[in-house]
Amino acid sequence: MKKSTLINSEISYLVATLGHTDEITVCDAGLPIPDEVQRIDLALTHGVPSFIDTVKVILTESQIEGVVIAEEFKTVSQSFMMHCLMSLILKSHAVASRLAFSMCLMRSSRRRHVRAVL
Numbered sequence: 001m002k003k004s005t006l007i008n009s010e011i012s013y014l015v016a017t018l019g020h021t022d023e024i025t026v027c028d029a030g031l032p033i034p035d036e037v038q039r040i041d042l043a044l045t046h047g048v049p050s051f052i053d054t055v056k057v058i059l060t061e062s063q064i065e066g067v068v069i070a071e072e073f074k075t076v077s078q079s080f081m082m083h084c085l086m087s088l089i090l091k092s093h094a095v096a097s098r099l100a101f102s103m104c105l106m107r108s109s110r111r112r113h114v115r116a117v118l
């Protein structure tokens with residue numbers, strides 16, 4: 001049995017097979033997902049698991065190079081967005097790496113090349 005924090009087999013496989021510049025998207029149920037992109041549905045009920053818990057668990061087993069945040073995030077919940085950014089910044093300092101941060105409109109994010117959506 002797997003002993004580490006990340007025990008979801010689909011996400012564990014995804015993380016293990018990510019290469020440089022590969023992207024995954026962590027989102028809520030409202031994001032339209034193209035048919036050709038792998039969908040990993042984690043929802044049990046509204047807000048479970050939480051967005052930040054999902055991100056934190058993924059960070060336990062992956063080295064990220066950058067973060068793209070939807071512009072709409074700061075409009076909907078700027079304080080939550082700042083909490084998420086601080087978590088990511090602390091993680092990057094813990095492993096002595098620099099993250100590239102950028103923002104895009106949610107509707108334009110559909111044109112990005114993404115391996116999977118969680």
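Heads up, the sequence shown is in the UniProt record's numbering, so the first residue is 1 and it goes up one at a time.
Using N, Cα and C, we set each Cβ at its ideal position, and we do this for glycine too.
Predicted, not measured: the structure shown is a model, and the values here were computed from it.
- Contact check between the segment 15-29 and the segment 39-55: three or more CB pairs, one atom from each, fall below 8 Å, which counts as touching.
- Per DSSP, Val57 lies in no beta strand (DSSP E); the unbroken alpha helix (DSSP H) holding it starts and ends at Phe51 to Thr60.
- The beta carbon of Pro49 lies closer than 7 Å to those of Leu42 in the same chain, with the five residues before and after it left out.
- About 30 Å separates the CB atoms of Ser79 and Leu18; that is not less than 8 Å, and the two are not in contact.
- The DSSP-derived three-state label of Val114 is coil.
- Here Leu105 is not near Glu65, since their CB atoms are 9 Å or more apart.
- Taking C-beta separations shorter than 7 Å and ignoring five residues to either side along the sequence, the partners of Lys91 in its chain run Leu59, following chain order.
- For secondary structure counted as the beta strand (DSSP E) over 3 or more consecutive residues, the segment 17-92 holds these complete runs in sequence order: 66-70.
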